[in-house]
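J.: Take a look at this one; I'll ask things after.
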Amino acid sequence: MAGILVLHLHAHLPWVRHPEYASFLEEDWLFEAITETYLPIVSRLEKLADEGIPFRLSMTLSPPLVQMLRDELLCARYDRHLDRLCELAEKEVVRTRDDPAFHKTARFYRDHFFHCRWLWHERYRRDLVAAFRALQDRGALEIVTCGATHGFLPLVETRPEMVRAQIAVAAAHYRLHFGRDPVGIWLPECGYFPGLDRYLAEENLRYFFVDTHGITDANPRTRLGPYAPIFTPSGVAAFGRDPESSEQVWSAELGYPGDPEYRDFYRDIGFDLDDDYVAPYVQPTGARKSTGFKYHRITGRTDHKEPWDWERAFERARVHAANFVFNRERQFEHLSGVLGGRTAVVVAPYDAELFGHWWFEGPVFLEHVIRRAAEQPHFRLGACSDFLRQEPTNQVAEPPMCSWGAGGYAGVWLDGSNDWIYRHLLYMGKRMAELAQREAHAPLERRALAQAARELLLAQSSDWAFIMKTRTMVDYAIRRTCEHVANFLRLDRDIRDGCIDEAWLGWLEYRDNIFPEIDYRVYRPRPGAA
Amino acid sequence: MAAIVQNLERTARTVLRRALTLLERSRELATRIAEGIAIVARVAFPAPPAPARHGPVRAAGKASVRPHLSGLGEPLPEGHLVARIAGEEEAYRAPLPLVEEKLPPPTEPAPGPPPLPPAYFDGAFTAMARDPHTLWVYWDFAPEEVRAAMESIEDPRTRLRIHQGAHRVRDLDFALESGSYYVNDLSPGEVYQAEIVVVGRNGERSLRFSNPVRLPNIGPSPWADDRFATLPWDARLPKDLDAFTWPLPFGEGLGSAAWRRGGASDLPYERWRRSEAGSAAWGRPPPDREER
Numbered sequence: 000m001a002g003i004l005v006l007h008l009h010a011h012l013p014w015v016r017h018p019e020y021a022s023f024l025e026e027d028w029l030f031e032a033i034t035e036t037y038l039p040i041v042s043r044l045e046k047l048a049d050e051g052i053p054f055r056l057s058m059t060l061s062p063p064l065v066q067m068l069r070d071e072l073l074c075a076r077y078d079r080h081l082d083r084l085c086e087l088a089e090k091e092v093v094r095t096r097d098d099p100a101f102h103k104t105a106r107f108y109r110d111h112f113f114h115c116r117w118l119w120h121e122r123y124r125r126d127l128v129a130a131f132r133a134l135q136d137r138g139a140l141e142i143v144t145c146g147a148t149h150g151f152l153p154l155v156e157t158r159p160e161m162v163r164a165q166i167a168v169a170a171a172h173y174r175l176h177f178g179r180d181p182v183g184i185w186l187p188e189c190g191y192f193p194g195l196d197r198y199l200a201e202e203n204l205r206y207f208f209v210d211t212h213g214i215t216d217a218n219p220r221t222r223l224g225p226y227a228p229i230f231t232p233s234g235v236a237a238f239g240r241d242p243e244s245s246e247q248v249w250s251a252e253l254g255y256p257g258d259p260e261y262r263d264f265y266r267d268i269g270f271d272l273d274d275d276y277v278a279p280y281v282q283p284t285g286a287r288k289s290t291g292f293k294y295h296r297i298t299g300r301t302d303h304k305e306p307w308d309w310e311r312a313f314e315r316a317r318v319h320a321a322n323f324v325f326n327r328e329r330q331f332e333h334l335s336g337v338l339g340g341r342t343a344v345v346v347a348p349y350d351a352e353l354f355g356h357w358w359f360e361g362p363v364f365l366e367h368v369i370r371r372a373a374e375q376p377h378f379r380l381g382a383c384s385d386f387l388r389q390e391p392t393n394q395v396a397e398p399p400m401c402s403w404g405a406g407g408y409a410g411v412w413l414d415g416s417n418d419w420i421y422r423h424l425l426y427m428g429k430r431m432a433e434l435a436q437r438e439a440h441a442p443l444e445r446r447a448l449a450q451a452a453r454e455l456l457l458a459q460s461s462d463w464a465f466i467m468k469t470r471t472m473v474d475y476a477i478r479r480t481c482e483h484v485a486n487f488l489r490l491d492r493d494i495r496d497g498c499i500d501e502a503w504l505g506w507l508e509y510r511d512n513i514f515p516e517i518d519y520r521v522y523r524p525r526p527g528a529a
Numbered sequence: 000m001a002a003i004v005q006n007l008e009r010t011a012r013t014v015l016r017r018a019l020t021l022l023e024r025s026r027e028l029a030t031r032i033a034e035g036i037a038i039v040a041r042v043a044f045p046a047p048p049a050p051a052r053h054g055p056v057r058a059a060g061k062a063s064v065r066p067h068l069s070g071l072g073e074p075l076p077e078g079h080l081v082a083r084i085a086g087e088e089e090a091y092r093a094p095l096p097l098v099e100e101k102l103p104p105p106t107e108p109a110p111g112p113p114p115l116p117p118a119y120f121d122g123a124f125t126a127m128a129r130d131p132h133t134l135w136v137y138w139d140f141a142p143e144e145v146r147a148a149m150e151s152i153e154d155p156r157t158r159l160r161i162h163q164g165a166h167r168v169r170d171l172d173f174a175l176e177s178g179s180y181y182v183n184d185l186s187p188g189e190v191y192q193a194e195i196v197v198v199g200r201n202g203e204r205s206l207r208f209s210n211p212v213r214l215p216n217i218g219p220s221p222w223a224d225d226r227f228a229t230l231p232w233d234a235r236l237p238k239d240l241d242a243f244t245w246p247l248p249f250g251e252g253l254g255s256a257a258w259r260r261g262g263a264s265d266l267p268y269e270r271w272r273r274s275e276a277g278s279a280a281w282g283r284p285p286p287d288r289e290e291r
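The listed protein sequences correspond, in order, to chains Z and L.
When we follow numbering that gives the first Met the number 0, the leftmost residue of the first sequence carries the number 0, and every step to the right adds one.
When we follow numbering that gives the first Met the number 0, the leftmost residue of the second sequence carries the number 0, and every step to the right adds one.
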């Protein structure tokens, strides 16, 4: 066996939960990801495991995502969302009955959404975390943790308590939901700074991921490039992203998802059909949105889009999977010569939502990659822990500060559009570290301290800075940041003044109810620690 | 009855405490205004940008429908995932309004987010590495501190001084009110420290030093020194392990741990390059990474 291919899916969504509204558009991020990514992936992995196909995938389930997937309010709203999809699917079959170009697709959608509903209610009993956990327990999956709220850590390096809390809260949350210690972590945005490994070692996390240059630019110079991990000074291993396999899937020019046969992401009946017909399935205000019913394929760089044929598209995904595996075989053959007989590791990480949500045929591609990989002798699909068990001897080096964002450093999360965040975050971190020194005996004070910790964590989510930079839902990102900062400052003041508004605190606890188990003392400064 | 009295007492105490706090703060504010020193630092803390479009505002409490005006006021929420998965440029290229620039100008002002304090006056002066060439610094000084630094300096102005070890490498005139500064064109892999200095006709005075920051290096490290360690998977990592030191600490289940030089020294260094393809970087040409 020449090597191990670590196929890593990073599943993360920011914490979006708004009980104060009957309907909230950004909650669709979760609902669409469940229908298009998480359900198709978990069910396909389960099928493969049931068939006895030998494989092991690596995956992140970020703490906010886990918490949202187990939140009753969001699950109830997803029930409703799924019912509406099934209702629309039946209408679509009728609407397209005289249109052979689209009727086959309409029937496909009806079967697809009804199957999703069966999976959600009957097969997984509305608990996808348990479904992923079961796959981990069967050995088909290694689930790693992430930053508690996906906070970008290099920019809070000067506040050790904030770094530690992101990691320790995530690790505790993982134990609670997966019944074991996490062995690895996906650092939010692959953001690393020298010294971060010490915090990871405190939680006995044994490995993390960095972008390619995290390994190739490490100090001292690495011998084996991204095809072997390095041990950081604290002994935690860093695995680097393989540029070749990344490009084959991610790249606009070279990547598979841009194939003309694949489903077009943008054309959707939510924008194409009459107001009267789509009104119940778009926004309550009547404004348009995507419904998930898309009938056209990419076709090419043109506004004219041909009808999508799901059978041809799925066949193309099978061909692309075969090509992907073929290329990996050649890559491992090459690496076995270059690395002097050492086992090579190729790490191919992707945002999980790429598969299914952006690239609808992505889960089919994944299934075929797994099937084809099981049939060849050059590599096996495994997790980073499998590699470290097999190859416990590795070079000692330290990655420089790096990330996997555009440019490779902190430029995405620190520029003119979002730098105003950090003075607030770092001030909050300082105040929280002071608050955490209190011994709260009164339950109300303990609750307020825990909520202050939650508000600080929620304000740190890297998604807000990313949205501000990319100019997408900027108002929402600014509002979320400001609300969490303002909530924290008020809690801080109330706790110090000894006049906590219990009704307001109760409302906050109800709305921002992430990490119910949090212990505010995680922010206590630890002399001598990392 | 006793419980009611107790509750009333508690409420009265809370109100009194809050009133005293407010009184104290207003006294402090009055003193500052009287001294006329708040001018410099008061505006030194830029607020978040005002939302240009309709925000998701509706009073908390009773469930309601969020007024979202896609196509008129806000980009579609798909934009976030498209930007994350397919890259920022794809979100701009999309045929749907996924970014603000694709929308018509707002027809009415949007209600803003909750206001944040304009400054904390906590004396923060923090430096961060943005990329191998850029340092970002921000500050938030108390007016008293600024005033003390300016005292007896004639015609004072502020200067941002960048140090690289013992060497002063940059002197930049800047406005203290700006609150932050991007220092560009620095050298990768070097450690920098910022200093704010008050300069006048009759001399200068240091206001504060920031924390030192090492910018990330670019390209393969010039430090070539093979050190390999064996860390068995089943052993717990020793506390405060430093794998660069020799010998590695044994015990704590790490009995077979080993450390050695070499191990792959007979292999040539390979050139590997980072792919820019991936999250937030769709379609950009990969940078040319040459060995030094």
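Glycine is no exception: its CB is placed at the ideal position from the N, C-alpha and C atoms.
Does the beta-carbon distance from Z:Phe514 to Z:Ile40 come in below 8 Å?
T.: no
J.: Which of helix, strand or coil does DSSP assign to L:Ser151?
T.: L:Ser151 sits in coil when the DSSP states are folded into three classes, being neither helix nor strand.
J.: I need the straight-line Cα distance from L:Thr157 to Z:Tyr408, nearest angstrom please.
T.: Here the alpha carbon of L:Thr157 sits roughly 30 Å from the alpha carbon of Z:Tyr408.
J.: Quick check on L:Ala33: buried or exposed, where buried means 16 or more other Cβ atoms within 10 Å of its Cβ?
T.: Model confidence at L:Ala33 stands at a pLDDT of 48, short of 50, so the residue's coordinates are unreliable and nothing is read from them.
J.: Can you list, in chain order, the residues of the segment 224-245 of chain L whose Cβ is nearer than 7 Å to any Cβ on chain Z?
T.: Asp224, Asp225, Arg226, Phe227, Ala228, Thr229, Leu230, Pro231, Trp232, Arg235, Leu236, Leu240, Asp241, Ala242, Phe243
J.: How is Z:Asn218 classed by DSSP in three states: helix, strand or coil?
T.: strand
J.: Sort out for me which residues DSSP pairs L:Asp172 with in a bridge.
T.: Looking at the DSSP output, L:Asp172 bridges to L:Arg158.
J.: At a Cβ cut of 7 Å, what residues of the segment 398-417 of chain Z count as close to chain C, listed as they run along the chain?
T.: The question asks about chain C, but that chain is absent: this structure's protein chains are Z and L.
J.: Is it buried or exposed for Z:Leu338, if we count other Cβ within 10 angstroms and need 16 for buried?
T.: buried
J.: Within 8 Å of any Cβ in chain Z, is that where the Cβ of L:Thr125 sits?
T.: yes
J.: Residues of chain L with CB closer than 9 Å to the CB of Z:Ser384, please, in chain order.
T.: Trp232
J.: Candidates Z:Gly234, Z:Phe238, Z:Ser233, Z:Ala351: which alpha carbon is nearest Z:Gly224's?
T.: Ranking the options by Cα distance to Z:Gly224, first place goes to Z:Phe238.
J.: In the DSSP assignment, find the unbroken beta strand (DSSP E) run with Z:Thr298 in it and report its ends.
T.: Careful: Z:Thr298 lies outside any beta strand (DSSP E) and carries neither H nor E.
J.: Hey, which unbroken runs of the beta strand (DSSP E) at 3 residues or more fall wholly within the segment 169-226 of chain Z?
T.: Within the segment 169-226 of chain Z, the beta strand (DSSP E) runs of at least 3 residues that lie entirely inside it are, in chain order, 183-185, 206-209.
J.: What residue range does the alpha helix (DSSP H) around Z:Pro348 cover?
T.: Counting along the chain, Z:Pro348 falls outside any alpha helix (DSSP H), though it belongs to the beta strand (DSSP E) covering 343-350.
J.: Which ranges does the beta strand (DSSP E) cover as unbroken runs of at least 3 residues, wholly within the segment 363-389 of chain Z, from first to last along the chain?
T.: Runs of the beta strand (DSSP E) inside the segment 363-389 of chain Z: 378-380.
J.: List, in order along the chain, the chain Z residues whose C-beta lies closer than 8 Å to that of L:Asn210?
T.: Here the neighbours are Thr157.
J.: Using the C-alpha atoms, what's the distance from Z:Ser22 back to Z:His319?
T.: 39 Å
J.: Taking three-plus beta-carbon pairs below 8 Å as touching, is the segment 120-130 of chain L in contact with the segment 411-423 of chain Z?
T.: yes
J.: Is it true that the segment 134-150 of chain Z meets the segment 57-64 of chain Z, where meeting means three or more beta-carbon pairs spaced less than 8 Å apart?
T.: yes
J.: Specify, as a first and last residue, the run of the alpha helix (DSSP H) that Z:Arg510 falls within.
T.: 501-510
J.: By Cβ distance, which residues of its chain are closer than 6 Å to L:Arg213, with the 5 residues on each side in sequence left out?
T.: Its chain contains Val190 as the residues whose beta carbon lies nearer than 6 Å to that of L:Arg213, once the 5 sequence neighbours on both sides are disregarded; these appear in chain order.
J.: Measuring CB atoms only, is the segment 226-234 of chain Z touching the segment 341-353 of chain Z, in the sense that at least three cross pairs come out at less than 8 Å?
T.: yes
J.: Could you check the C-alpha separation between Z:Lys103 and Z:Arg317 for me, to the nearest Å?
T.: The alpha-carbon atoms of Z:Lys103 and Z:Arg317 are separated by roughly 20 Å.
J.: Have a look at Z:Trp28 and L:Ala90 and give me their C-alpha separation to the nearest angstrom.
T.: 16 Å
J.: Take Z:Val363 and list the residues in its own chain whose beta-carbon comes closer than 6 Å to its own, dropping the five residues that flank it on each side.
T.: Take Z:Val363, set aside five residues on each side of it, and the residues of its chain with a beta-carbon closer than 6 Å to its own are Phe313, Ala316, in chain order.
J.: Just to confirm, is the Cβ distance from Z:Phe54 to Z:Ala441 under 8 Å?
T.: Result no, Cβ atoms of Z:Phe54 and Z:Ala441 do not sit closer than 8 Å.
J.: Verify the CB distance criterion: does Z:Glu45 have a CB-CB separation below 8 Å to chain L?
T.: no
J.: Counting only beta-carbon separations shorter than 8 Å, does L:Ile84 have a partner in chain Z?
T.: yes
J.: Does DSSP put Z:Arg273 in a helix, in a strand, or in coil?
T.: Rather than Arg, the amino acid found at residue 273 of chain Z in this sequence is Asp. Z:Asp273 falls in the coil class under three-state DSSP.
J.: Within 8 Å of any Cβ in chain L, is that where the Cβ of Z:Thr548 sits?
T.: Outside the displayed span of chain Z (0 to 529) sits residue 548 of chain Z, for which this structure offers no information.
J.: Look at Z:Ala129 and Z:Leu56 and say whether their C-beta atoms are less than 8 Å apart.
T.: no
J.: Cα separation between L:Pro96 and Z:Asp267?
T.: 14 Å
J.: From L:Arg160 to L:Pro142, what distance separates their C-alpha atoms?
T.: 20 Å
J.: Answer with buried or exposed for Z:Tyr522, where buried requires no fewer than 16 other C-beta atoms within 10 angstroms of its C-beta.
T.: buried
J.: Using beta-carbon positions only, say whether Z:Lys288 and Z:Leu455 come within less than 8 Å of one another.
T.: No, the Cβ-Cβ distance between Z:Lys288 and Z:Leu455 is not below 8 Å.
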